[in-house]
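Peer 1: Below is one structure. I have some questions about it.
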Amino acid sequence: MIATPAPGLAAANIDPVIVGLVTNRLHSILDEQQTALINTAFSPVVRESYDLACAVFDSRGRMIGQSASGTPGHINAMATGMEHIVARFPHGQLADGDVLITNDPWMTAGQINDITVATPFFREGRLVAWFASCCHSPDIGGKILSAEAREVYEEGLRLPIMKLRTAAGPDTTLEEVIRANVRTPDETMGDIYAQVASNRVGARSLFALMDEHGLDEIDSIASAIMDRSEAALRSRITELVDGRYSASMEVDGFGEDSLLLAVTVTVENDEIVVDYAGSSPQSKHGINVVINYTRAYTSFAIKAALSPDVPHNEGAFRPVRTRAPEGSILNCQEPAPVASRHLVGHFLPSLIFQALRPAVPGGLPAASADALWMTVWRGVVDEDRERSYFTLTSFGAGGSGGRPRKDGLTTTGFPTGVRAAPTEVLEAHTPIVQTARELLPDSAGPGTHRGGVSQVLRVRRRGKGTWSVNANVDRVKFPAPGAAGGAPGRRGSFERASTGEPLPRKSQVFLGDDDEVILRFPGGGGYGNPWERPVDRVLDDVIDGYITLESARDDYGVAVEYSGPADALVRTERMYRVDEDETDRLRGTR
Amino acid sequence: MTSVVKTMRVGIDIGGTFTDLSVLDDDGIVAVGKALTTHGSPAQGVLEALMELLQSHDIDAAHIGTLVHGTTLVTNALIERRGARTALMTTEGFRDVVEMGREHRYDLYDLDIEMPVPLVPRRLRIGVPERILATGEVAEPLDEERVATVAAELAAEGVEAVAVCFLHSHVNPEHEQRARDVMRQVAPGLRVALSSDVNPEVREYERFSTTIANVYVQRIVEEYLAELRSGLHALGVRDAPMIMLSNGGVTAIEVAQRFPIRMLESGPAGGALGAVAVGRSIGEPDLLAFDMGGTTAKLCMIEGAEPLLTHTFEVSRVYKLRAGSGLPVRAPVIDMIEIGAGGGSNARINSLGLIAVGPESSGSEPGPVCYGKGGVPVTVTDADLVLGLLDAGSFLGGRMELDLDAAHDAIRTQIAEPLGISVTDAAWGIHATVNANMADAARVHAIERGCDVDRLPLFVSGGNGPLHGPGVAQALGSPSLTVPPAAGVLSTLGFLSAPPAIDVVRSHFSSVDEGLASVAAGIYESLEEEAATLLSASGVSHANITYVRTVEMRFEGQGTEVEVMAPTPHADIRWDQALNDRFHEAYRQRFGPVAPERVPVEVLTWRVKASGPEPSQALHFASHHAERTAVKGTRRAYFGPEHGFQDVDVYDRHHLHSGQEIPGPAIVEEPESTLVVPPEGHATVLPNQAIRVALTSHEGGWK
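So the sequences go chain by chain: A and B.
The first sequence runs 98 to 687 under the working numbering.
The second sequence runs 38 to 740 under the working numbering.
Shown next, in the form of structure tokens:
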């Protein structure tokens with residue numbers, strides 16, 4: 098981790114009112130930066146789905162704050178990544194106008210598509226702060242994103258930490274190299290320009306803040322903010338019962354080889370050690386996770402579980418130590434392939450929740466669909482009319498886990514903050530046609546508080562031409578477990594519509610002109626005994642088609658009868674009733 | 038000789054708590070009134086409040102020429118779910134678009150968030166076979182038999198309204214129109230709304246949500262407006278009332294009934310228009326309008342005497358006022374931000390050991406600790422009282438005694454002692470924090486729109502606006518602030534200064550090239566024709582309409598558009614080049630100099646705002662009596678660590694005379710609010726009874 102503050106910067110004597118005002122203001126500034134990024138980005142990945150993160154750092158690269166949306170993998174990996182960036186370019190080697198770029202998986206967000214753009218900002222010749230963002234590029238060359246590569250070199254163009262621009266302008270050689278290597282030169286470069294511009298938007302407002310308050314540096318206030326965040330998290334940790342809490346979870350992995358993820362969380366006084374010893378060794382396939390990314394989702398989980406209200410910054414990382422054996426799936430070594438690392442990393446928060454559940458007084462949600470379902474579509478636009486190619490990355494969410502006091506969220510990602518793009522936008526952008534995008538009955542894990550409902554998505558194409566899909570998806574073999582007596586969510590599936598045959602996942606699948614594929618997303622795990630779910634809520638779920646009559650009976654012990662016409666297209670509340678005697682009998686038998 | 042009868046103009050705003058009224062004639066304001074809103078029978082409430090005001094001022098209803106009305110009825114109906122039993126007919130496979138939304142977990146860390154609940158439950162969302170592609174081509178014809186069956190079944194199940202929302206209908210509306218025709222035959226009693234009619238714009242979630250909301254509230258609005266019209270007629274008001282829209286224009290009842298969703302937020306829109314009107318009369322066309330009440334504060338940027346507009350917002354937020362937890366509605370609305378900062382906002386010590394204020398609020402019930410009505414958490418008003426900025430004896434004109442000791446004790450135990458600071462420092466911390474929160478919100482709002490907020494004078498209204506406005510202005514570096522006369526009924530004055538206006542929109546995708554000029558001419562012509570027809574219902578003749586043409590553009594491949602004014606055709610420069618230049622200029626202003634190179638520009642959305650003539654209206658009291666001295670006493674008030682406590686004069690606003698100068702520090706009271714003139718401020722009473730406080734720049738700050 099990054100060093101603790103130097104003694105001269107100890108910030109104990111700064112007026113707490115001012116620290117509070119600056120903290121709030123920095124969050125506004127980061128929202129401005131994020132809005133500018135979204136508004137100027139080109140790829141649907143960034144502009145519609147928000148696969149991004151923005152953050153501000155002090156002069157030494159310590160994260161002071163992050164934007165509200167975005168995704169934890171990027172934010173927290175950027176926080177540790179800045180350490181490498183500052184080490185590569187010490188102060189003397191930077192000048193006003195410089196902008197740095199990298200997508201090195203081991204330096205930043207663990208995937209070659211994730212590009213970090215970091216800008217040092219100067220006042221009167223002195224570096225005072227950094228603004229940075231990390232965005233998922235729609236393409237970075239190499240294999241189209243999947244887990245098929247055997248080494249990182251096959252996964253695309255790797256950019257070491259280097260200067261993208263100086264005061265003199267862009268490095269046109271670098272720009273040409275990037276453009277020549279990627280399938281989506283305009284989108285990839287357009288997003289990078291958006292990152293450069295939005296960093297400046299952030300700095301513009303930070304400078305205004307400094308002017309207003311006569312500040313010539315922000316490091317001392319930054320230290321105060323971090324120290325306070327650290328203290329807040331430590332005090333929350335102290336409220337937990339000390340002890341060692343373990344959990345493990347099996348996930349799909351690649352092909353026939355499933356993976357075991359294991360964790361032991363040790364709570365002692367005001368510190369937490371999260372150790373992933375016992376997890377599977379690193380894979381031959383591109384589902385390996387770099388330690389930066391493991392740390393990112395670990396600190397996300399601890400913060401969400403214990404201190405969602407505490408501002409997230411470098412101070413909040415200090416009380417949490419993360420370990421994973423070198424060469425394991427969660428701390429892979431070069432040149433391991435890493436492109437689909439989120440299909441492993443996204444399980445860590447649910448895994449940690451499972452371990453910590455007994456230690457946290459209010460309880461923690463059941464497991465979610467967890468790994469974000471990402472599909473990458475590539476093909477000829479239209480053989481007869483336009484022989485160019487399209488590339489589209491799209492995202493969709495399954496159900497999230499049932500919660501101690503509420504149902505899980507329907508079609509909402511967890512732990513990611515990435516969102517879906519509108520059907521109309523995707524279809525205007527590419528020849529892709531979605532023939533269905535709707536909720537999937539009986540997908541939610543039954544529980545007193547059931548899991549979130551997932552979705553079914555059917556996709557074909559218009560026009561003619563070669564096309565393919567890489568379905569980077571998981572929980573097809575292993576469903577999201579329930580918690581506290583709740584049942585697991587439904588497994589996902591990925592099939593050819595015409596035959597129902599399962600298609601290979603995390604690999605490129607070539608399709609014919611008339612093919613249609615079906616993606617059924619995994620549901621969230623249930624929380625609490627489903628037989629204790631109030632009968633009227635089960636009835637409502639039946640009327641609205643979230644669950645079937647059969648599930649109501651078998652999973653919830655509620656006998657619901659449908660008395661409307663067999664061919665009715667509109668089925669309303671008056672056509673259903675609960676058979677109370679039968680329900681009593683069913684529920685009484687447990 | 039016959040006496041000259043003055044034509045009266047009346048503004049009425051039904052808010053959540055109060056109904057505000059004002060009556061004006063050619064000389065200015067002749068009467069203002071405030072009555073509690075009657076939620077049970079809103080039309081009856083309006084009529085009674087109006088009758089009472091007319092009687093008490095001896096005004097004959099027959100002399101009312103224009104009556105402009107705004108209401109929160111639509112907002113309330115959506116929040117309280119009191120609309121029609123509504124169904125959705127949509128493309129098969131897409132019935133859940135309105136429930137799935139954008140699949141966005143809008144708070145990364147909060148595990149308890151909630152999503153907006155659609156107005157139509159899943160049981161009434163029905164898919165029918167049909168499909169139109171993004172190109173407008175029909176991939177699958179509409180199954181009309183299915184439409185007929187569904188319509189009959191919906192009617193049999195007691196459904197009153199159906200929103201017909203098919204994919205890509207903004208490109209090709211044929212299927213939606215055909216579905217409507219079929220339903221009319223099978224179930225003529227069903228009220229049908231088409232998404233291609235209500236909101237013909239891309240992005241299905243927002244379009245479907247808007248269409249549903251519109252048809253959901255339509256019956257309530259129709260009935261209400263019909264009752265109001267006949268009630269006013271019975272009172273002797275000759276002309277039908279005009280309705281205030283959220284875009285800052287007024288319209289005839291018929292248009293409001295067709296697009297009730299456009300009446301959302303009309304009260305706050307009136308407040309912004311009041312700021313525009315007063316600003317214009319004192320020569321300040323650029324303003325930041327700031328309204329602070331008991332629970333929330335609202336901010337709105339005004340440029341060139343026009344409030345900024347936006348085309349999308351959220352209604353009925355279900356989780357902590359968070360963006361993402363409400364139903365999206367796309368309609369032209371005055372662009373305002375609302376933040377949880379008011380007099381009743383709670384102060385606490387947050388997890389970092391720092392003072393935090395809001396958004397939790399004690400509101401007016403039980404209210405601040407000093408109200409003595411059982412409020413426990415410290416509020417902003419408690420801090421203001423302890424600082425001497427408010428007076429325990431003259432609050433609400435002395436109608437309500439405040440408990441200073443209770444406020445003092447609460448701040449001591451809840452904030453000062455835990456932080457180890459004095460009660461005064463704690464109270465100042467609360468006051469300064471809430472001001473900074475509002476200033477921050479204003480800044481983000483401005484920057485996101487490419488505006489520079491620092492140079493803008495503030496325009497303050499609401500019960501707490503004049504008290505906190507100066508602090509907000511200083512935090513923003515504003516040169517001055519203005520407090521209007523009759524600030525308590527500002528929105529109704531805004532209604533009466535609004536022209537008849539309507540916005541019309543069309544999505545038409547195009548690259549920017551030489552052929553665009555003629556395409557644009559055709560689109561604008563038909564949009565203007567449509568707008569003129571809508572405006573003629575408001576009695577505006579074609580000759581009197583002003584059109585503003587704008588267009589939304591972006592670099593090819595981007596997802597967010599920048600709105601620019603369409604250039605006027607000119608012989609010296611090609612129209613598309615002029616448009617291209619305007620776009621690049623606007624882009625640079627918003628996002629700085631790093632713009633993509635060699636990337637072409639595209640046009641998506643075309644808009645026309647059509648307005649009738651602006652009413653000219655004097656917005657000051659027609660009669661006013663200044664006194665020899667307006668000073669009614671002195672009190673000790675705190676003005677920050679630099680100045681400490683000072684003894685300052687307290688003025689009665691109603692006794693100030695035009696041209697009077699009041700150097701800061703000073704306090705000016707009226708029953709509804711207290712204006713604090715800081716030591717760096719200098720107040721002047723303007724000819725129209727508004728008070729302007731000039732602020733010398735605030736040097737240094739926190740060192």
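For each residue, glycine too, the CB sits at the ideal point set by N, CA and C.
1. Do you know how far the Cα of B:V315 is from the Cα of B:L324?
2. Should A:R482 be labelled buried (16 or more other beta-carbon atoms within 10 Å of its own) or exposed?
3. Flag B:V154 as yes if its beta-carbon sits less than 8 Å from any beta-carbon of chain A, otherwise no.
4. Check each candidate in B:G525, B:P715 and B:F245 and name the one with the smallest Cα separation from B:C202.
5. Within the 8 Å Cβ cut-off, does B:A171 reach chain A?
6. Could you give the uninterrupted runs of the alpha helix (DSSP H) lying entirely in the stretch 223 to 311 of chain B, keeping only those of 4 residues or more?
7. Taking its Cβ as the centre, do 16 or more other Cβ atoms sit within 10 Å of B:S695, making it buried, or is it exposed?
8. Whole angstroms are fine: how far does the CA of A:G621 sit from the CA of A:V573?
9. My assumption, with CB atoms under 8 Å, is that A:L461 sits in contact with A:L453. Please give the rounded CB distance.
10. In the DSSP output, which residue or residues are listed as bridge partners for A:L489?
11. To the nearest angstrom, how far is the alpha carbon of A:V153 from that of B:G649?
12. Can you grab the Cα-Cα spacing for the pair A:Y659 / B:V196, in whole Å?
13. Closer than 8 Å, Cβ to Cβ, to anything on chain A: give me those residues from the stretch 472 to 490 of chain B, in chain order.
14. Apart from the five residues just before and just after B:G508, which ones in its own chain have a Cβ nearer than 6 Å to its Cβ?
15. Taking the alpha carbon of B:I297 as the reference point, which residue from B:G311, B:E241, B:V370 and B:G273 has its own alpha carbon closest?
16. Is there contact between the stretch 184 to 200 of chain B and the stretch 246 to 264 of chain B, where contact requires at least three CB pairs shorter than 8 Å?
17. Going by the beta-carbon positions, is the gap between B:Y126 and B:G138 smaller than 8 Å?
18. For A:G589, which residues of its own chain have a beta-carbon under 7 Å away from its beta-carbon, when the five flanking residues on both sides are left out?
19. Between B:Q595 and chain A, is any beta-carbon pair separated by less than 8 Å?
20. Report the start-end ranges of each alpha helix (DSSP H) in the stretch 343 to 420 of chain A that is 4 residues or longer and not cut off at the edges.
21. What are the residues of the stretch 520 to 549 of chain A that lie near chain B, defined by any Cβ-Cβ distance shorter than 7 Å?
22. Tell me which same chain residues have a C-beta within less than 6 Å of the C-beta of A:G363, skipping the five on either side of it?
23. Taking Cβ positions, are A:R725 and A:T527 nearer each other than 8 Å?
24. Using the Cα positions of B:R354 and A:E423, report the straight-line distance between them to the nearest angstrom.
25. Considering only C-alpha positions, which residue in the set A:P512, A:E670 and A:Y673 is nearest to A:G167?
26. Listing by chain order, which chain B residues have their CB less than 7 Å from the CB of A:S404?
27. Terminal residues of the continuous beta strand (DSSP E) containing B:A326?
28. Which stretch, first to last residue, makes up the beta strand (DSSP E) that contains B:V60?
29. Using a cut-off of 8 Å between C-beta atoms, extract the partners of A:G642 located in chain B.
30. So, does the CB of B:A557 fall closer than 8 Å to a CB anywhere in chain A?
31. Where A:L440 and A:A244 are concerned, what is the direct C-alpha to C-alpha distance, given to the nearest angstrom?
32. Please name the residue or residues paired with A:Q531 in a DSSP beta bridge.
33. Give the secondary structure of B:Y624 by DSSP, where H, G and I count as helix, E and B as strand, and everything else as coil.
34. Shortest alpha-carbon distance to B:D491 belongs to which of A:N626, A:R438, A:I384 and A:E309?
35. Only counting the same chain, and skipping five residues up and downstream in sequence, which positions put a Cβ closer than 8 Å to that of B:T247?
36. Going along chain A in order, which residues have a C-beta closer than 7 Å to the C-beta of B:G395?
Peer 2: Working from what's here:
1. On the second sequence, residue 324 of chain B is found 287 positions in, with the first residue counted as 1. On the second sequence, residue 315 of chain B is found 278 positions in, with the first residue counted as 1. For B:L324 and B:V315, the distance between alpha carbons rounds to 11 Å.
2. Here residue 482 of chain A refers to the residue found at position 385 when the first sequence is read from its first residue. Exposed.
3. As a first step, residue 154 of chain B is located in the second sequence; it is residue number 117 there, counting from the start. Under the Cβ criterion of 8 Å, B:V154 is not counted among the residues facing chain A.
4. In the second sequence, residue 202 of chain B corresponds to position 165, counting from 1. Of the candidates B:G525, B:P715 and B:F245, the one whose C-alpha sits nearest the C-alpha of B:C202 is B:F245.
5. Here residue 171 of chain B is taken as the residue at index 134 of the second sequence, counted from 1. Judged by the 8 Å Cβ criterion, B:A171 is in contact with chain A.
6. Considered as a whole, the stretch 223 to 311 of chain B harbours 232 to 235, 241 to 272 and 290 to 295 as its complete alpha helix (DSSP H) runs of no fewer than 4 residues, in chain order.
7. Within the second sequence, the letter at position 658 stands for residue 695 of chain B. Exposed, by the Cβ-count rule.
8. As a working note, residue 573 of chain A is residue 476 in the first sequence. As a working note, residue 621 of chain A is residue 524 in the first sequence. For A:V573 and A:G621, the distance between alpha carbons rounds to 13 Å.
9. Mapped onto the first sequence, residue 461 of chain A falls at position 364. Mapped onto the first sequence, residue 453 of chain A falls at position 356. Confirmed, about 6 Å.
10. Here residue 489 of chain A corresponds to residue number 392 of the first sequence, with the count starting at 1. Answer is A:W474.
11. Numbered from 1 along the first sequence, position 56 holds the residue referred to as residue 153 of chain A. Numbered from 1 along the second sequence, position 612 holds the residue referred to as residue 649 of chain B. Looking at the two C-alpha atoms, the distance is approximately 48 Å.
12. Start at 1 with the first residue of the first sequence, and residue 659 of chain A comes out as number 562. Start at 1 with the first residue of the second sequence, and residue 196 of chain B comes out as number 159. Take the alpha-carbon of A:Y659 and the one of B:V196: they are about 20 Å apart.
13. Against chain A - using a Cβ distance shorter than 8 Å - the residues of the stretch 472 to 490 of chain B are A473, N474, D477, A478, R480, V481, I484 and E485.
14. Reading the second sequence from its first residue, position 471 is the one you call residue 508 of chain B. By the criterion of a C-beta distance shorter than 6 Å, B:G508 is surrounded in its chain by N472, once the five residues flanking it on both sides are discounted.
15. In the second sequence, residue 297 of chain B corresponds to position 260, counting from 1. The sequence given here places Pro at residue 297 of chain B; Ile does not occur at that position. Closest by alpha carbon: B:V370.
16. Contact annotation: the stretch 184 to 200 of chain B touches the stretch 246 to 264 of chain B, with at least three C-beta pairs closer than 8 Å.
17. Sequence index remark: in the second sequence, residue 126 of chain B carries index 89 (1-based). Sequence index remark: in the second sequence, residue 138 of chain B carries index 101 (1-based). For the sequence presented, residue 126 of chain B should be read as Met rather than Tyr. Cβ distance not < 8 Å, so B:M126 and B:G138 don't count as in contact.
18. Numbered from its first residue, the first sequence carries residue 589 of chain A at position 492. For A:G589, where only same-chain residues beyond five positions count, the Cβ hits under 7 Å are G495, V570, R572, V573, R617, F618 and P619.
19. What you label residue 595 of chain B is simply residue 558 of the second sequence in a count that begins at 1. Answer yes: the Cβ-Cβ gap between B:Q595 and chain A drops below 8 Å somewhere.
20. Counting whole runs of 4 or more residues, the stretch 343 to 420 of chain A contains the alpha helix (DSSP H) stretches 388 to 403 and 411 to 414.
21. Residues passing the 7 Å Cβ filter: T520, E521, V522, E524, A525, V530, T532, A533, R534, E535 and L536.
22. Sequence index remark: in the first sequence, residue 363 of chain A carries index 266 (1-based). Note on identity: in this sequence residue 363 of chain A is Thr, with Gly being the wrong assignment. Cβ neighbours of A:T363 within its own chain (closer than 6 Å, five residues either side excluded): R341 and V370.
23. Shown here, chain A extends from 98 to 687; a query on residue 725 of chain A therefore has no answer.
24. Translated into positions along the second sequence, residue 354 of chain B becomes position 317. Translated into positions along the first sequence, residue 423 of chain A becomes position 326. Computed Cα separation, rounded: 47 Å.
25. Here residue 167 of chain A refers to the residue found at position 70 when the first sequence is read from its first residue. Per the Cα distances, A:P512.
26. In the first sequence, counting from the first residue as 1, residue 404 of chain A sits at position 307. Correct list: S388.
27. For the purposes of this step, residue 326 of chain B is taken as residue 289 along the second sequence, with counting starting at 1. Counted as a single uninterrupted DSSP element, the beta strand (DSSP E) harbouring B:A326 occupies residues L324 to M329.
28. As a position in the second sequence, residue 60 of chain B is number 23, starting the count at 1. Going by DSSP, B:V60 is part of the beta strand (DSSP E) stretching over F55 to D62.
29. Within the first sequence, numbered from 1, the residue matching residue 642 of chain A stands at position 545. The contacting residues are R159 and R160.
30. The sequence position of residue 557 of chain B within the second sequence is 520, counting from 1. Not an interface residue.
31. Against the first sequence, residue 440 of chain A aligns to sequence position 343. Against the first sequence, residue 244 of chain A aligns to sequence position 147. Computed Cα separation, rounded: 9 Å.
32. Translated into the one-based positions of the first sequence, residue 531 of chain A becomes position 434. DSSP lists A:V556 as partners of A:Q531.
33. Position 587 of the second sequence, counted from the start, is the residue given in the question as residue 624 of chain B. Residue state, collapsed to three classes: helix.
34. In the second sequence, residue 491 of chain B corresponds to position 454, counting from 1. Considering only alpha carbons, the answer is A:E309.
35. Taking the first residue of the second sequence as position 1, residue 247 of chain B is located at position 210. The residues are S232, V235, N236, I298, P365, V366, R367 and A368.
36. Your numbering for residue 395 of chain B matches position 358 in the second sequence. The CB of B:G395 never comes closer than 7 Å to any CB in chain A; the least such distance is about 11 Å.
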